[in-house]
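Reviewing the structure listed below.
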Amino acid sequence: KVQFVISQDTPRGDAADVVWRPFHSERYATRATATHPATGKEPGKAAFSSYEHVLVAWEADGASRVIEHFENHGIKADKLQVVPSALTALTIALESGCLATLPASACSAISGRLGAKEVSHPFPALTIQTYICWHRSQDRDECHEWVRGLLLEAASKI
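What follows is the structure, given as structure tokens:
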């Protein structure tokens with residue numbers, strides 16, 4: 002029995018029996034249709050804010066982190082829809098003409114096939130750190146170590 006969690010939560014010091022290890026660092030990127038006014042140039046903050054937007058977040062906290070990052074850099078997030086899938090976000094963006102902000106690894110994996118083009122951010126890109134955590138009692142469990150190792154190796158290739 003292997004028990005661990007992969008989370009975007011910040012490691013908590015109050016849980017001494019839980020081991021937290023960095024798992025994957027993911028930069029967010031924005032894509033749109035080739036004919037979108039923001040494609041191929043860096044839109045200003047006002048223009049970026051004015052476009053409808055779809056955001057990928059597989060945890061509610063991930064969405065709030067992206068929205069907070071936008072707002073901290075003067076981007077209003079009032080025309081925003083959140084979906085859990087990169088494919089869904091890109092499909093919505095390509096069909097509706099809105100911007101899609103999603104993990105960069107998903108962009109490189111599928112946006113080229115769909116014809117989505119890069120949109121530069123008028124602010125620094127957001128990076129979200131993901132962690133893998135488990136109870137300290139599983140530290141030396143061979144099966145647990147093996148599965149953790151496979152996951153960490155896979156994450157390093159993303």
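The sequence shown begins at 2 in this note's numbering and counts up one residue at a time.
Yeah, the Cβ is synthetic: ideal placement off N, Cα and C, and Gly gets one too.
Selection from the options that minimises the alpha carbon distance to residue i
| i | options | result |
| --- | --- | --- |
| Ile-76 | His-25, Asp-10, Ile-129 and Pro-125 | Pro-125 |
| Ser-50 | Lys-158, His-122, Ile-129 and Tyr-29 | His-122 |
| Pro-23 | Ile-7, Ile-159, Gly-116 and Ala-107 | Ile-7 |
| His-74 | Gln-82, Gly-45 and Leu-81 | Gly-45 |
| Glu-154 | Ile-133, Glu-72 and Ser-97 | Ile-133 |
| Lys-158 | Leu-103, Gly-113, Phe-5 and Ala-107 | Ala-107 |
| Ser-97 | Gln-4, Val-20 and Leu-81 | Leu-81 |
| Thr-1 | Gln-4, Trp-21 and Gln-139 | In the structure as shown, the chain begins at 2 and stops at 159. Residue 1 is therefore absent and cannot be evaluated. |
Check whether residue i and residue j have beta carbons under 7 angstroms apart
| i | j | result |
| --- | --- | --- |
| His-54 | Cys-99 | yes |
| Tyr-52 | Leu-127 | no |
| His-25 | Thr-92 | no |
| Val-120 | Ala-33 | yes |
| Gln-9 | Ile-111 | no |
For residue j and residue i, believed in contact at Cβ under 8 angstroms, the rounded distance
| i | j | result |
| --- | --- | --- |
| Arg-137 | Asp-18 | 5 angstroms |
| Val-67 | Ser-86 | Actually they are not in contact, since the Cβ atoms of Val-67 and Ser-86 sit about 15 angstroms apart, beyond 8 angstroms. |
| Lys-118 | Ala-35 | 5 angstroms |
| Thr-31 | Ala-101 | 7 angstroms |
Burial state of residue i, where buried means 16 or more other Cβ atoms lie within 10 Å
| i | result |
| --- | --- |
| Trp-147 | exposed |
| Arg-149 | buried |
| Leu-95 | buried |
| Ala-90 | buried |
| Cys-144 | exposed |
| Leu-151 | exposed |
| Leu-115 | exposed |
| Glu-72 | exposed |
| Glu-27 | buried |
Unbroken alpha helix (DSSP H) runs of length 4 or more, entirely within the stretch 12–99: which are they? Complete alpha helix (DSSP H) runs here, min 4: 46–51, 61–73 and 87–97.
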